[in-house]
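Participant:
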Amino acid sequence: MKRRNFKILAIALILFSLSTPLKAQIFKGMLIGGVNFAQMNGDQSFGFNRIGLNTGIGVMAPLNNKRTWLMSMEVLYNQLGAKESLDPFKYNTTIQYVSIPVLVHFEDKVGRWTFGAGLQYSRLIDVNEDWGLPEPAIKYMDRPLMETVKDFNRDDFSFIFDIRFRIWERLKFNFRYQYSIVPIRKDVTYYNSFPLSSPDYKSWKRDFYHNALSLRLIYVINERSTKELDRNIYREMY
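Just so we're aligned, residue 8 is where the sequence shown starts under this note's numbering, counting upward by one.
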């Protein structure tokens, strides 16, 4: 499975490098740093309370002559998870990934606003999970049957929506939203803390999905300054 994933990433990188004619392959590098505000849909906790790092490097290349359509690829250290601190349920999980997002962007001709969407592959590298369940069980409180709780999937595939705007020369502020396309954990059974023999016993199954907002700063390497773009409004030079 690992070899297959690495082959997919290698093919994606080759296609990325060949996506434009050689004369248009003017790459921009990116240094990226920011934070995630994350939750997991399906874990019975609520709110973007898990704060984690989103940092790494990236590259961007034009897809057309005017450089208004672009494609980017990044390699990120990406901390996701969930946190619920309200009594009596204190679920607390941090999940660490190496993530590789690939996006297509539209940028205005002066490089002020950039809008993008794409897909992200993430490989799990570490998990720290604490359910924080009270003992004994509190009736009517949603509670997992721990024997149905499986390990998180090693691979995550997410959809990404991305907005960037220039705040000063080559420095950009970035808002990003990501959501898992497939479950990261499946078929966890919850029940209402009544004994199985009770007529009030109820149970249901949930799948887990990452759901996260990111705020990031991006420093772009090999990008024209605002003065250079003002002199070259039609983007004949990058």
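Quick reminder that beta carbons are idealized off the backbone N, C-alpha and C, glycines included.
Predicted, not measured: the structure shown is a model, and the values here were computed from it.
Skipping 5 residues on each side, what residues in its chain have a beta carbon closer than 8 angstroms to that of residue 37?
Facilitator: Cβ within range, chain order: 64, 65, 66, 67, 79, 81, 225, 226, 227, 228.
Participant: With distances taken Cα to Cα, identify the nearest neighbour of residue 190 among 97, 92, 47, 204.
Facilitator: The candidate whose alpha carbon is nearest that of residue 190 is 47.
Participant: Give a yes or no on whether the C-beta atoms belonging to residue 56 and residue 221 are separated by under 7 angstroms.
Facilitator: Contact flag unset, no.
Participant: Is it buried or exposed for residue 216, if we count other Cβ within 10 angstroms and need 16 for buried?
Facilitator: Label assigned to residue 216: buried.
Participant: Under 8 angstroms, with one C-beta from each stretch per pair, do the stretch 169-186 and the stretch 201-215 reach the 3-pair mark?
Facilitator: No: the two stretches stay apart, fewer than three of their Cβ pairs being nearer than 8 angstroms.
Participant: Measure the alpha-carbon distance for residue 174 versus residue 218 and round it to whole angstroms.
Facilitator: Distance between the alpha carbons of residue 174 and residue 218: 27 angstroms.
Participant: Evaluate residue 147 with the Cβ neighbour count: other Cβ atoms within 10 Å of its Cβ, from every protein chain shown; 16 or more gives buried, anything less gives exposed.
Facilitator: Classification for residue 147: exposed.
Participant: Tell me whether the beta-carbon of residue 139 lies closer than 7 angstroms to the beta-carbon of residue 169.
Facilitator: Not a contact, by the Cβ cut-off of 7 angstroms.
Participant: If I'm right that residue 43 touches residue 87 with Cβ under 8 angstroms, what's the distance once you round it to whole angstroms?
Facilitator: The Cβ separation is near 6 angstroms, so the contact holds.
Participant: State the Cα-Cα distance for the pair residue 156 and residue 98, rounded to the nearest angstrom.
Facilitator: Residue 156 and residue 98: Cα-Cα distance of roughly 14 angstroms.
Participant: Does the stretch 193-212 come close enough to the stretch 109-117 to have 3 or more Cβ pairs within less than 8 angstroms?
Facilitator: No, because fewer than three Cβ pairs between the stretch 193-212 and the stretch 109-117 fall closer than 8 angstroms, the two stretches do not touch.
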